[in-house]
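Written below as structure tokens is the structure these notes are about.
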Amino acid sequence: MSVDSSLEVKGLKASITALKNADPQLRRDLTKGVKGAAAPLIEAAQRRVPAQPPLSRMTDGRYKWTKKAQTGITTKVGGRSRGNAYTIISVIQKDGPGTIFDMAGKANKPTTPGGRALIENLTRRFGAPSRSMWPAAEEALPAVVEAVKVAVDESLAQINRKIVEA
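Dropping the structure here:
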């Protein structure tokens, strides 16, 4: 099952830039609203990341499993424009071992026996990549899209009130 969801807001990037120049506090409020809208997605992703090391050799060294594998999932508001598309929000795994847990085996074939074993064991125990982020997105995206829509609508209403008052 794939996630296909989009939210189209005409002129959002220009509105955000104008908002930043006109009233920085409103821009910060919009950012808070959008980050708050992503909370269900972050919680769903965190629930899918194990609290204990997923593999026995992830207890020390470079790939030591810590609580940050769960708490390292965060949001970034804004991003690159691609054509007419503007990224409103991105959900990011900032922990190295957490990223390995989520995506190991997605792109390249491992060149070492240890790498092959890591991917085979993760896939056997937790499924194919993406193991946490994408399934969480499938689960939470409809609610997130609706909450982002509400946050953007509230900010646009505040902007319109300020324009009418001026």
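Each residue of the sequence shown is one higher than the last, beginning at -1 in my numbering.
Ideal Cβ placement from N, Cα and C applies to all residues, glycine included.
As the structure is a prediction and not an experimental result, all values here were calculated from the model.
- The shortest C-alpha to C-alpha distance from leucine 53 to any of Met131, Glu163, Arg122 is the one to Arg122.
- Here the stretch 89 to 104 lies against the stretch 39 to 50, with 3 or more beta-carbon pairs under 8 Å apart.
- Taking the Cα of aspartate 93 as reference, the smallest distance to any Cα among Ile86, Asn19, Val142, Arg60 is reached at Arg60.
- Glutamine 91 is bridged by DSSP to Ile71.
- Apart from sequence neighbours up to five positions away, the residues of its chain that approach threonine 57 with a beta-carbon distance below 8 Å are Pro51, Trp63, ordered along the chain.
- Judged by DSSP secondary structure, asparagine 158 falls within the alpha helix (DSSP H) whose first and last residues are 131 to 163.
- With a cutoff of 8 Å on beta-carbon distance, valine 146 and isoleucine 90 are scored as not near each other.
- Exposed is the label assigned to valine 148, since fewer than 16 other Cβ atoms lie within 10 Å of its Cβ.
- Inclusion of serine 153 and leucine 24 in the CB contact set at 8 Å is warranted, their separation being smaller than that value.
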